[in-house]
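Peer 1:
Protein chains in written order, with my numbering: chain B, 46 to 305; chain S, 109 to 391; chain A, 1463 to 1757.
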């Protein structure tokens, strides 16, 4: 356990003693314990290679797609231990958005939004489908931009639009937590700020956990921040506390640009 | 400076050789086929009567065109589930594992076996089994030839589809998994649609290869000059009839066989060009 | 909305998981079936062929059908070997390589040096189409080009020409692909020193890409080594060891074909096939080793 951590009441997500290793004995995530606050934005920061993405991907058990990745510890999502759930179900409850926008190139914009339902073999009435598509696209402020081209492939969209489409795809399932893995690192500043505004708005209805390599982004939009270093959770607290009065020397050095 | 010009000229002229060879092949085949086409006109392609008996000579290549297409299509259908499974094994399920390495090596070995050895194996091992299963004509025929042909094209279809399947971006697969899809659903909804045109091109190229296979077919198809009337009927392909009847061929018959060769050249050329075109469009 | 999805999801969870597992099993099962033939074929060749393999088998020519029949009725192994086939195969493959390698490598260099040019694209496409031409058609061509007008009869030269046309596109392709992997800076460094262009090719390009070229050449050879159909139309076959390129010549695959057609010789089929397979596979493995080592 680390020393600089805060208590959160009724967390959406509880991470307990989580360790992940790619090579036996070498931990990319080392004994991390943290609770994630409901309806807020929590940012995970740290220099590259610190294990922040690895931590995020442990939450929807993406590591199980690959051999030789070992995960120890518990993660509780809304009171359910994720290791007791089928991955199929868990991944629906924990929506994920990736570093590079990755809409399915073979599907139309419409189909991309309801891709989760399609992939899971869930047949919905057309009316309900239309409703989900409109709601999700409206949520990501994309509806007005694409409502006339819903049945075209999404490849003509800009990078920022594609990323918002990917967020809509994750929202369509009404997930209990949204995991974002450096969602703006491939985007230009204008598209980035649009996504940031969007995330702040989305926290009314969703709980958001976001990995970012960008300190100022964390400062701008997150309510809580974690700082990870070499697999270890060094410091975790309210963002404004951490940015004004970091408790750990390493956090301070990172925030002041001494390394990163 | 001068020597550079000479070098460039040498490179250029040597490269033109391949164009002359290809052009020469087309020219010689056309020239050799002229007597046959002069005698029979378009009936050479559409007539089903191939009769080399002196005095009653008549040459119509339809039985062989039909035989070639039928055996190749059946072979493709047989090889499809096998090579597709193998490419999923290699490119998705066990990608990068030792098992995949071994399987991949074995599949590659299939490509190294000479056609005549496939023929022998079909003749001595496969045929008796098929006879036991009740196949007519001593086990010779379209079906037997197609099975062997299917095995022969497996490595080509497999290696191309594996390559294309491996090229499907990991990001897309992860996106689908993150939405709760099973591996099967990722394969049917993401991998296959994304890789589709490449996989199709791979099968087209394998089909092109099947069209021209000679020795194994010659040993198993039963060599009759009629249009096959079923899967178990005997027949001949364009390649096998050339191999079979070339030995005694002179005059009009030789020209007819060369004309068959010309047709085979054109058909395989078109099929291969189509496959390569699709692949180039993808890249 | 979420609850609807949730309910359906739990309902079909079992079937989906089951389907997923069933499909994986199917893929594994079919993949195993895919490699079954190679195991069966190699097993058969070794089981039936190994007992015939001896020094005589490599050094002697085949028996005539009467000798073979006598041996068969006495329950002895068939005497003689396939020396004429081995020498014929070597003769024709070497000759074909001598024709195809220089032309192929130079064409590959041309394609590498002129990317995007109309003529280069044309040559590349024609080479691709040439690679797809069935070998039997190349047999017809060599018959028309060499057997009739040049050697006035079936000949090793005609056989070599048909094989060389088969090899040519493979060598062109592998040469170009290998050269493309050389860093541009190496070439530029040489040219910057004022070295003439042909010296850059001979001293820099070819040596740097040598193992890649060798891989392509070995694969090309292994492709044509087992070819039977074009040789039936060109080299025909011969009962004696022949090194005269204008005379009919045997080859291992041609001998297999002859043994196959002679009921008394059937025993020799397997040993000859085994030897042929061993040669092809050795070349294959060698080329892969070289390719792996350079990567």
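Where a beta carbon is used, it is the ideal one built from N, C-alpha and C, also for glycine.
Shorter than 7 angstroms from the beta carbon of residue 118 of chain B to some beta carbon of chain D?
Peer 2: In summary, chain D is missing from the structure at hand, where the protein chains are B, S and A.
Peer 1: Is DSSP giving residue 1612 of chain A helix, strand or coil here?
Peer 2: Here residue 1612 of chain A refers to the residue found at position 150 of the third chain. In the structure shown, residue 1612 of chain A sits in coil (DSSP, three-state: anything other than H, G, I, E or B).
Peer 1: Can you confirm whether residue 249 of chain S, when its beta carbon is compared against all beta carbons of chain B, has any partner nearer than 7 angstroms?
Peer 2: Taking the first residue of the second chain as position 1, residue 249 of chain S is located at position 141. Not one chain B Cβ lies under 7 angstroms of residue 249 of chain S.
Peer 1: Output the residue ranges of the alpha helix (DSSP H) runs that lie fully inside the stretch 223–301 of chain B and measure 4 residues or longer, sorted by chain position.
Peer 2: List check, alpha helix (DSSP H) in window: 234–247, 260–266, 284–289, 294–300.
Peer 1: I'd like the span of the alpha helix (DSSP H) that includes residue 383 of chain S, first residue to last.
Peer 2: Mapped onto the second chain, residue 383 of chain S falls at position 275. Here the alpha helix (DSSP H) through residue 383 of chain S covers 359–390.
Peer 1: Would you identify the three-state DSSP class for residue 167 of chain S, choosing helix, strand or coil?
Peer 2: Taking the first residue of the second chain as 1, we reach residue 167 of chain S at position 59. Note: residue 167 of chain S maps to strand in three-state DSSP.
Peer 1: Which of the three DSSP states, helix, strand or coil, is assigned to residue 338 of chain S?
Peer 2: To locate residue 338 of chain S, count along the second chain from 1; it is residue 230. The answer is coil: DSSP assigns residue 338 of chain S none of H, G, I, E or B.
Peer 1: Assuming residue 1523 of chain A and residue 1690 of chain A are in contact, meaning their beta carbons sit under 8 angstroms apart, how far apart are those beta carbons, in whole angstroms?
Peer 2: One-based indexing of the third chain puts residue 1523 of chain A at position 61. One-based indexing of the third chain puts residue 1690 of chain A at position 228. That belief does not hold up - the Cβ atoms of residue 1523 of chain A and residue 1690 of chain A are roughly 19 angstroms apart, past 8 angstroms.
Peer 1: Return the first residue and the last residue of the beta strand (DSSP E) that residue 121 of chain B is part of.
Peer 2: Here residue 121 of chain B refers to the residue found at position 76 of the first chain. Residues 115–122.
Peer 1: Show which residues of chain A have a CB atom less than 8 angstroms away from the CB atom of residue 166 of chain B.
Peer 2: Counted from its first residue, the first chain places residue 166 of chain B at position 121. Those are 1474, 1478, listed as they occur along chain A.
Peer 1: Tell me the rounded alpha-carbon separation between residue 1717 of chain A and residue 221 of chain S.
Peer 2: The count along the third chain starts at 1 and reaches residue 1717 of chain A at position 255. The count along the second chain starts at 1 and reaches residue 221 of chain S at position 113. Residue 1717 of chain A and residue 221 of chain S: Cα-Cα distance of roughly 16 angstroms.
Peer 1: Output yes if chain S places a C-beta closer than 7 angstroms to the C-beta of residue 147 of chain B; else output no.
Peer 2: Counted from its first residue, the first chain places residue 147 of chain B at position 102. True, the Cβ-Cβ gap to chain S drops below 7 angstroms.
Peer 1: Rounded C-beta distance between residue 345 of chain S and residue 172 of chain S? I'm assuming under 8 angstroms.
Peer 2: Locating residue 345 of chain S in the second chain gives position 237, where the first residue counts as 1. Locating residue 172 of chain S in the second chain gives position 64, where the first residue counts as 1. 6 angstroms between Cβ atoms; contact.
Peer 1: When you compare each of A:1490, A:1633, A:1516 to residue 1676 of chain A by their alpha carbons, which one comes out closest?
Peer 2: For the purposes of this step, residue 1676 of chain A is taken as residue 214 along the third chain, with counting starting at 1. Checking every option, the nearest Cα to that of residue 1676 of chain A belongs to A:1633.
Peer 1: First and last residue of the beta strand (DSSP E) that includes residue 80 of chain B?
Peer 2: Translated into the one-based positions of the first chain, residue 80 of chain B becomes position 35. Residues 71–81.
Peer 1: When you measure from the CB of residue 141 of chain S to every non-hydrogen atom of the ligand HEM, does any distance come out below 6 angstroms?
Peer 2: The ligand HEM is absent from the structure shown, which contains no ligand whatsoever.
Peer 1: DSSP three-state label for residue 115 of chain S, please.
Peer 2: Along the second chain, one-based indexing puts residue 115 of chain S at 7. In the structure shown, residue 115 of chain S sits in a helix (DSSP, three-state: H, G or I).
Peer 1: Quick one: is residue 1505 of chain A near chain S, going by C-beta distance under 7 angstroms?
Peer 2: To locate residue 1505 of chain A, count along the third chain from 1; it is residue 43. No, residue 1505 of chain A lies away from the interface with chain S (no Cβ there is under 7 angstroms from its Cβ).
Peer 1: Hey, could you find the ends of the beta strand (DSSP E) residue 214 of chain B is sitting in?
Peer 2: Position 169 of the first chain, counted from the start, is the residue given in the question as residue 214 of chain B. Note, residue 214 of chain B: premise wrong, no beta strand (DSSP E); alpha helix (DSSP H) at 204–216.
Peer 1: How about residue 1485 of chain A: is its C-beta nearer than 7 angstroms to some C-beta of chain S?
Peer 2: Within the third chain, numbered from 1, the residue matching residue 1485 of chain A stands at position 23. Yes, contact with chain S.
Peer 1: By Cβ distance below 8 angstroms, which residues in the same chain neighbour residue 116 of chain S in space, the five residues on each side in sequence not counted?
Peer 2: Taking the second chain and counting its residues from 1, one reaches residue 116 of chain S at position 8. Answer for residue 116 of chain S: no residue qualifies.
Peer 1: Taking a Cβ distance cut-off of 7 angstroms, strictly less, list which residues of the stretch 239–261 of chain B are near chain A, in chain order.
Peer 2: none
Peer 1: Can you tell me where the beta strand (DSSP E) with residue 230 of chain S in it begins and where it stops?
Peer 2: One-based indexing of the second chain puts residue 230 of chain S at position 122. Note, residue 230 of chain S: premise wrong, no beta strand (DSSP E); not H, not E.
Peer 1: Using a Cβ cut-off of 7 angstroms (strictly closer), state whether residue 143 of chain B contacts chain S.
Peer 2: Residue numbering aside, residue 143 of chain B sits at position 98 when the first chain is read from its first letter. Interface residue, yes.
Peer 1: Listed from N- to C-terminal order along the chain, which residues in the stretch 1585–1601 of chain A have their beta-carbon within a distance smaller than 7 angstroms of any beta-carbon of chain S?
Peer 2: If the cut-off is 7 angstroms between Cβ atoms, the stretch 1585–1601 of chain A has 1585, 1588, 1589, 1590, 1591, 1592, 1594, 1595, 1596, 1597, 1598, 1599 near chain S.
Peer 1: Can you give me the start and stop residues for the alpha helix (DSSP H) that residue 1546 of chain A sits inside?
Peer 2: Walking along the third chain from the start, residue 1546 of chain A turns up at place 84. From DSSP, the alpha helix (DSSP H) with residue 1546 of chain A extends over 1545–1575.
Peer 1: Quick check on the DSSP output: what are the complete alpha helix (DSSP H) runs of length 4 or more inside the stretch 239–308 of chain S, in order along the chain?
Peer 2: 250–275, 278–286, 291–294
Peer 1: Can you confirm whether the stretch 265–274 of chain B touches the stretch 102–115 of chain B when touching is taken to mean that 3 or more C-beta pairs between the two stretches lie within less than 8 angstroms?
Peer 2: no
Peer 1: Are any of the Cβ atoms in chain S nearer than 7 angstroms to that of residue 133 of chain B?
Peer 2: Against the first chain, residue 133 of chain B aligns to sequence position 88. Closer than 7 angstroms: yes.
Peer 1: Give a yes or no on contact between the stretch 137–155 of chain S and the stretch 355–365 of chain S, applying the rule of three or more CB pairs nearer than 8 angstroms.
Peer 2: As far as the Cβ criterion goes, the stretch 137–155 of chain S touches the stretch 355–365 of chain S, which means the pair count is three or higher.
Peer 1: Checking contacts by CB at 7 angstroms: is residue 1463 of chain A closer than that to chain S?
Peer 2: In the third chain, the residue the question calls residue 1463 of chain A occupies position 1. The predicted model places residue 1463 of chain A with a pLDDT of 45, which falls under 50 and marks its position as unreliable, so this point remains unresolved.
Peer 1: In whole angstroms, give me the CA-to-CA distance for residue 1751 of chain A and residue 215 of chain S.
Peer 2: For the purposes of this step, residue 1751 of chain A is taken as residue 289 along the third chain, with counting starting at 1. For the purposes of this step, residue 215 of chain S is taken as residue 107 along the second chain, with counting starting at 1. Going by the C-alpha atoms only, they are around 17 angstroms apart.
Peer 1: Need the endpoints of the beta strand (DSSP E) that residue 214 of chain S sits in, please.
Peer 2: In the second chain, residue 214 of chain S corresponds to position 106, counting from 1. Unbroken run through residue 214 of chain S is the alpha helix (DSSP H), 206–220; no beta strand (DSSP E).
Peer 1: Throw me the rounded Cβ distance for the residue 1481 of chain A and residue 229 of chain S pair, which I believe falls under 8 angstroms.
Peer 2: Position 19 of the third chain, counting from 1, holds the residue named residue 1481 of chain A. Position 121 of the second chain, counting from 1, holds the residue named residue 229 of chain S. About 36 angstroms separates the beta carbon of residue 1481 of chain A from that of residue 229 of chain S, a gap too long to meet the 8 angstroms contact definition.
Peer 1: Taking the alpha carbon of residue 324 of chain B as the point to measure from, which residue in B:244, B:277, B:205 has its own alpha carbon closest?
Peer 2: Within the shown structure, residues of chain B are numbered from 46 to 305, placing residue 324 of chain B beyond reach of any answer.
Peer 1: Considering only residues of the same chain and omitting the five flanking positions on each side of residue 142 of chain B, which have a CB-CB separation below 6 angstroms?
Peer 2: Counted from its first residue, the first chain places residue 142 of chain B at position 97. Within the same chain, residue 142 of chain B has close Cβ partners 211, 212, 215, 225, 228.
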